[in-house]
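**Student:**
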Ligand SMILES: [Zn+2]
């Protein structure tokens, strides 16, 4: 009698990369014995020295775990398929831990709702305790991710961030409270997470993630959770995960829409398989420009936390090769099939990206350090200079290119509103003989508006550097910021 054994990715090197192997035997134990006879190298991965199946190797007959049948004595019928499922702490195959930590009496009490589930149990909870997860960003997505992973007993939760808590974060970033405004996000997060679960080790990395430090930062962790809000960091996280062979629980949010997937898993696609190139800078607005509904990161972040826990436990079907799209207004989830692109520059068969690159340059973004005052040129005007010109009575036409709801929050006295998206139809309303200063929230959209107007033949166009936020800082602190 011949049966099939499915070999998982981490064990394939020991079967000469075969993923399906034909074996003979009447019980699961006999089939596995035949398997290890055929592939000598597999034996020490499946069995301890005294001949017991290793605790991190689960064997399934069809859909059933043999631990809940007759273990290795479980009889096999013709056509049955045997699957070997090693616990893959992080899914990378190299991170299989033989020694799982034990649980204290307190932990057994704390995690009792996990321990009574067959899919988790004591062994699963010990896997969680052994696992190390790094969360990129302690903001909207990072908050639910870090809080749920900490509560669930993931042994080590790392956080990377360099920001301080701003008043405008509190509408969605539940790691931080009102009294934390002005504090480092990581200090605030540490206090919150340690209060939630003192059994968990919280590791904070107060740094700007870069090509120089990403590989070293990621290396000790099993799963990376991408909670970033910008394209250079997103590509950096993706590439570092692929290079290190670590799964990336990805999420992104904008207004009422969210996305989630798991990239960088063995045989799974990566972010670059989906989006080989970033959008041109400024085309896709950030949450700071476009807004985000406060509940949305809670939904997407908890999906990322759930996927992370599934990866650690090795249960269920991860979002590998599946791109989940969430539309909160319609309350609909859609799922797209994602394929690994053999021509992908990072994870394809002939990768051209073999080390981390300059991601600001790749995404066409000028790093913040290079946009200091020294870099200002004739096409820019500062808040102070604009104020002096207005005070001296010079005729300057201020064109605000934000959205009407932003204009309701604050504005420069006497400015005219034409949202950037309408400028293509409405620039005829402007008088080309006037000096025009374009203005938005922080200066990005208005720079695009200024470029557009120059292309249309407007000669005297300047962009207000730093937008209305800078204007409020330097000229008119009476207005609210957002
Ligand atoms: Zn790829």
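Numbering (the numbering used here), first residue to last: 39 to 520. Yeah, the Cβ is synthetic: ideal placement off N, Cα and C, and Gly gets one too.
Can you pull the DSSP bridge partners for residue 287?
**Tutor:** Locating residue 287 in the chain shown gives position 249, counting from the first residue. Its beta-bridge partners are 263 and 300.
**Student:** Per the contact definition of three or more C-beta pairs closer than 8 Å, is the stretch 323-337 in contact with the stretch 152-168?
**Tutor:** Flag = no, the stretch 152-168 and the stretch 323-337 do not touch.
**Student:** Curious, which full-length beta strand (DSSP E) runs of at least 3 residues does the stretch 133-177 contain?
**Tutor:** List check, beta strand (DSSP E) in window: 170-174.
**Student:** Could you give the distance in angstroms between the alpha-carbon of residue 527 and the alpha-carbon of residue 69?
**Tutor:** No statement about residue 527 is possible, as the shown extent of the chain runs from 39 to 520 and does not include it.
**Student:** Return the bridge partner residues of residue 85 from the DSSP annotation.
**Tutor:** If you number the chain shown from 1, residue 85 lands on position 47. Looking at the DSSP assignment, residue 85 forms a beta bridge with 91.
**Student:** Using 8 Å for Cβ pairs, my map puts residue 198 next to residue 247. What's the rounded Cβ distance?
**Tutor:** The residue you call residue 198 lines up with position 160 of the chain shown. The residue you call residue 247 lines up with position 209 of the chain shown. Going by Cβ atoms, the distance from residue 198 to residue 247 rounds to 6 Å, so yes, they are a contact pair.
**Student:** In terms of residues, what are the limits of the beta strand (DSSP E) holding residue 275?
**Tutor:** Locating residue 275 in the chain shown gives position 237, counting from the first residue. Residue 275 -> not in any beta strand (DSSP E); alpha helix (DSSP H) instead, spanning 269-282.
**Student:** Are three or more beta carbon pairs between the stretch 66-86 and the stretch 96-108 nearer than 8 Å?
**Tutor:** Yes, since at least three Cβ pairs between the stretch 66-86 and the stretch 96-108 fall closer than 8 Å, the two stretches touch.
**Student:** On the criterion of 16 or more Cβ atoms from any shown chain inside 10 Å, does residue 120 qualify as buried, or is it exposed?
**Tutor:** Position 82 of the chain shown, counted from the first residue, corresponds to residue 120. Looking at its Cβ environment, which holds 16 or more other Cβ atoms inside 10 Å, residue 120 is buried.
**Student:** Taking Cβ to Cβ, would you say residue 227 is nearer than 9 Å to residue 242?
**Tutor:** Against the chain shown, residue 227 aligns to sequence position 189. Against the chain shown, residue 242 aligns to sequence position 204. Yes; because the gap between Cβ atoms is below 9 Å, this pair is in contact.
**Student:** Given this structure, state the Cα-to-Cα distance separating residue 513 from residue 422, to the nearest angstrom.
**Tutor:** Taking the first residue of the chain shown as 1, we reach residue 513 at position 475. Taking the first residue of the chain shown as 1, we reach residue 422 at position 384. One C-alpha to the other measures close to 7 Å.
**Student:** Three Cβ pairs or more, each shorter than 8 Å: is that satisfied between the stretch 228-239 and the stretch 353-371?
**Tutor:** Taking 8 Å as the limit for Cβ pairs, the verdict is that the stretch 353-371 does not touch the stretch 228-239.
**Student:** Around the Cβ of residue 158, are there at least 16 other Cβ atoms within 10 angstroms (buried) or fewer (exposed)?
**Tutor:** Here residue 158 corresponds to residue number 120 of the chain shown, with the count starting at 1. The residue in question, residue 158, is buried, as its Cβ has 16 or more Cβ neighbours within 10 Å.
**Student:** Thinking just about the alpha-carbon of each residue, which of 268, 219 and 485 is nearest to the one in residue 419?
**Tutor:** For the purposes of this step, residue 419 is taken as the residue at position 381 of the chain shown. Looking at the Cα atoms, 485 is the closest of the given residues.
**Student:** Is it true that the stretch 336-352 meets the stretch 183-190, where meeting means three or more beta-carbon pairs spaced less than 8 Å apart?
**Tutor:** Yes, since at least three Cβ pairs between the stretch 336-352 and the stretch 183-190 fall closer than 8 Å, the two stretches touch.
**Student:** Of the choices 46, 59, 520 and 312, whose alpha-carbon is the least far from that of residue 383?
**Tutor:** Residue numbering aside, residue 383 sits at position 345 when the chain shown is read from its first letter. The shortest C-alpha separation from residue 383 is found at 312.
**Student:** Hey, how far is the Cα of residue 251 from the Cα of residue 275?
**Tutor:** Numbered from 1 along the chain shown, position 213 holds the residue referred to as residue 251. Numbered from 1 along the chain shown, position 237 holds the residue referred to as residue 275. C-alpha separation (whole angstroms): 11 Å.
**Student:** Any contact between the stretch 492-509 and the stretch 462-480? By contact I mean 3 or more CB pairs, one from each, below 8 Å.
**Tutor:** A contact exists between the stretch 492-509 and the stretch 462-480.
**Student:** To which residues of the same chain is residue 253 closer than 8 Å at the C-beta, ignoring the five residues directly before and after it?
**Tutor:** Position 215 of the chain shown, counted from the start, is the residue given in the question as residue 253. So the qualifying residues of the chain are 278, 281, 282 and 394.
**Student:** Mapping DSSP to helix, strand and coil, what is residue 247?
**Tutor:** Working through the chain shown from its first residue, we reach residue 247 at position 209. Three-state DSSP puts residue 247 in coil, outside helix and strand.
**Student:** Three or more beta-carbon pairs under 8 Å between the stretch 287-299 and the stretch 261-276, yes or no?
**Tutor:** They touch, by the three-pair rule.
**Student:** Kindly give me the distance between the Cβ atoms of residue 62 and residue 72, rounded to whole angstroms, as I take these residues to be in contact under 8 Å.
**Tutor:** In the chain shown, counting from the first residue as 1, residue 62 sits at position 24. In the chain shown, counting from the first residue as 1, residue 72 sits at position 34. Indeed they touch by this definition, with Cβ atoms about 5 Å apart.
**Student:** What is the DSSP secondary structure of residue 313, reduced to helix, strand or coil?
**Tutor:** Counting from 1 along the chain shown, the entry for residue 313 is found at position 275. Note: residue 313 maps to coil in three-state DSSP.
**Student:** Nearest to residue 332 by alpha carbon, out of 425, 53 and 182?
**Tutor:** Counting from 1 along the chain shown, the entry for residue 332 is found at position 294. Checked all of 425, 53 and 182; the closest Cα to residue 332 is 182.
**Student:** Taking the alpha carbon of residue 202 as the reference point, which residue from 220, 195 and 190 has its own alpha carbon closest?
**Tutor:** As a first step, residue 202 is located in the chain shown; it is residue number 164 there, counting from the start. Nearest of 220, 195 and 190 to residue 202, Cα basis: 220.
**Student:** Just the Cα atoms here: how many angstroms apart are residue 517 and residue 403?
**Tutor:** Looking up residue 517 in the chain shown gives position 479. Looking up residue 403 in the chain shown gives position 365. About 30 Å.
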